[in-house]
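In the working numbering, the protein residues as written are 220 to 341.
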């Protein structure tokens, strides 16, 4: 099983509001369901995708700006690609993801792990 989540579950994101709380609950549920279904051989994981051009993003005030900021502040300096998210899902669903359960896999060009912006030349 795979679900989709967002960094707003872990950090306070402007204008994400109640969805952040809902995503945090979803991530907790992912861990508990993974524990409960593990003995049956069922793996349960979540993919935390970066901002992408979707209907969900269109519903967030300032969503378009999130794309530009995500690209600028990510480690890879690129947008999150739908192909990258799909590839992570295929990995988790395949035998290559065998022993992986209860995880939140970030597919966001490294945005989630960055600290302060800049510093490339310092």
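Glycine included, every Cβ here is placed at the ideal spot set by N, Cα and C.
- Partner residues in the beta bridge of residue 268, as assigned by DSSP, are 326.
- Beta bridge pairing from DSSP links residue 222 with 265.
- One Cα belongs to residue 227, the other to residue 258, and the distance between them is close to 30 Å.
- Going by C-alpha positions, residue 256 is about 43 Å away from residue 337.
- Within the same chain, 290, 328 come within 8 Å of residue 297 by CB-CB distance, once the 5 residues on both sides are set aside.
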